[in-house]
Amino acid sequence: MPDPAQQPVLIFVGDDYEDMELQYPKYRLREAGHPVVVAGLEAGVTYHGKHGYPQRSEADVADLNATDFAGLVVPGGWMPDKLRRYDAVKRLTADIHTQGKMLGSICHGAWINISAGVVAGYRYTSTPGIRDDLVNAGVSAWVDEEAVIDRHHVSARRPDDCPAFCRAMLEVLSRPS
3 MPDPAQQPVL
13 IFVGDDYEDM
23 ELQYPKYRLR
33 EAGHPVVVAG
43 LEAGVTYHGK
53 HGYPQRSEAD
63 VADLNATDFA
73 GLVVPGGWMP
83 DKLRRYDAVK
93 RLTADIHTQG
103 KMLGSICHGA
113 WINISAGVVA
123 GYRYTSTPGI
133 RDDLVNAGVS
143 AWVDEEAVID
153 RHHVSARRPD
163 DCPAFCRAML
173 EVLSRPS
């Protein structure tokens with residue numbers, strides 16, 4: 003299996019992503035030496051965050067394979083509610099999970115994990131607005147903490163939790179494969 007430190011980390015993007023929940027992890031992961039690929043429903047498209055920050059998609063989710071990535075980051079905003087409707091997004095998320103790779107979600111990002119069917123039995127945090135969705139999807143517990151690690155899943159509540167979220171993701175990514 004390839005060294006996870008050499009494999010890129012995937013970040014989903016789409017219109018109305020939460021600006022800080024994408025940009026902060028993107029730069030923090032790069033700063034720590036992890037290559038990053040930002041992917042949306044189309045390659046080469048510029049998507050705009052809730053606060054207007056532009057982010058160009060480098061790849062089309064449908065063209066990607068989980069084996070090529072060390073993990074996945076799912077930012078929040080309204081983007082996850084839109085992206086979770088696409089089979090390619092759910093398939094890739096489920097494959098990342100099945101392969102035991104780091105699966106990070108912040109705020110509303112866990113909506114994609116719920117739709118991919120990968121949260122049952124895991125301890126999670128999120129924005130309180132989707133607490134019931136996570137509980138109904140079978141999480142072992144929903145907690146109000148800035149960041150939670152449960153095996154290879156990492157979750158956080160909101161933009162202010164980005165420092166703890168990134169520390170937790172880097173901890174999971176640094177584990178031997």
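Under this note's numbering, the residues of the sequence shown are numbered 3 to 179, in order. Cβ coordinates follow ideal geometry from the N, Cα and C atoms, glycine included.
Practice item. With A158 as the anchor, note down where its beta strand (DSSP E) starts and where it stops. Key: The sequence position of residue 158 within the sequence shown is 156, counting from 1. For A158, the enclosing beta strand (DSSP E) has its first and last residue at H155 to A158.
Measure how close the beta-carbons of H50 and D89 come, nearest whole angstrom, since I'm counting them as under 8 Å.
Here residue 50 refers to the residue found at position 48 when the sequence shown is read from its first residue. Here residue 89 refers to the residue found at position 87 when the sequence shown is read from its first residue. In fact, because the Cβ distance is near 24 Å, the residues do not count as touching under 8 Å.
(Q) Considering just the uninterrupted stretch of the alpha helix (DSSP H) at L74, what are its terminal residues? (A) Taking the first residue of the sequence shown as position 1, residue 74 is located at position 72. Here L74 belongs to no alpha helix (DSSP H); instead the beta strand (DSSP E) covers G73 to V76.
- Item | CB of R160 within 7 Å of CB of A143, strictly | The sequence position of residue 160 within the sequence shown is 158, counting from 1. The sequence position of residue 143 within the sequence shown is 141, counting from 1. Their beta carbons are not under 7 Å apart, which means R160 does not touch A143 by this criterion.
Name the DSSP beta bridge partners of F14, please? Here the question's residue 14 lines up with position 12 in the sequence shown. Paired residue(s): A41.
ask   = In angstroms, rounded to a whole number, what distance separates the CA positions of D83 and H110?
value = In the sequence shown, counting from the first residue as 1, residue 83 sits at position 81. In the sequence shown, counting from the first residue as 1, residue 110 sits at position 108. Between D83 and H110, the C-alpha separation is close to 8 Å.
message = Output needed for G79: all residues of its chain with C-beta closer than 6 Å, excluding positions within five of it in sequence on either side, in chain order.
response = Taking the sequence shown and counting its residues from 1, the one referred to as residue 79 is at position 77. Sequence-distant Cβ neighbours of G79 in its own chain, meaning closer than 6 Å and more than five residues away, are D18, Y19, E20 and K52.
Next item on the list: Tell me where the beta strand (DSSP E) around H99 begins and ends.
Entry: Translated into positions along the sequence shown, residue 99 becomes position 97. Careful: H99 lies outside any beta strand (DSSP E), inside the alpha helix (DSSP H) at D89 to T100.
Which first and last residues belong to the alpha helix (DSSP H) in which R86 is found? The count along the sequence shown starts at 1 and reaches residue 86 at position 84. It is not in any alpha helix (DSSP H) - R86 carries neither H nor E in the DSSP assignment.
- Task: Would you check if the distance between the CB atom of I116 and the CB atom of T95 is smaller than 7 Å?
- Result: Residue 116 sits at position 114 when you count from the first residue of the sequence shown. Residue 95 sits at position 93 when you count from the first residue of the sequence shown. Against a cut-off of 7 Å, the Cβ pair of T95 and I116 comes out as no contact.
Return helix, strand or coil for A143, following the three-state DSSP convention. The sequence position of residue 143 within the sequence shown is 141, counting from 1. In this structure, DSSP gives A143 an extended state, which the three-state scheme calls strand.
field: Distance, S179 Cα to H36 Cα
entry: For this step, residue 36 is matched to residue 34 along the sequence shown. For this step, residue 179 is matched to residue 177 along the sequence shown. In this structure, the alpha-carbon of H36 lies about 15 Å from that of S179.
Please report the residue range of the beta strand (DSSP E) in which Q57 lies.
-> Here residue 57 is taken as the residue at index 55 of the sequence shown, counted from 1. Going by DSSP, Q57 is part of the beta strand (DSSP E) stretching over P56 to R58.
- Task: Taking 7 Å as the cut-off, decide whether the C-beta atoms of A149 and A118 are in contact.
- Result: Start at 1 with the first residue of the sequence shown, and residue 149 comes out as number 147. Start at 1 with the first residue of the sequence shown, and residue 118 comes out as number 116. No, Cβ-Cβ distance for A149 and A118 is not below 7 Å.
Taking C-beta to C-beta, are R58 and T48 nearer than 7 Å? Along the sequence shown, read from residue 1 onward, the residue named residue 58 stands at position 56. Along the sequence shown, read from residue 1 onward, the residue named residue 48 stands at position 46. Cβ atoms of R58 and T48: closer than 7 Å.
- Query: Hey, would you say H155 sits closer than 7 Å to L105, going by beta carbons?
  - Reply: As a first step, residue 155 must be located in the sequence shown, where it is residue number 153. As a first step, residue 105 must be located in the sequence shown, where it is residue number 103. The answer is yes: Cβ separation under 7 Å.
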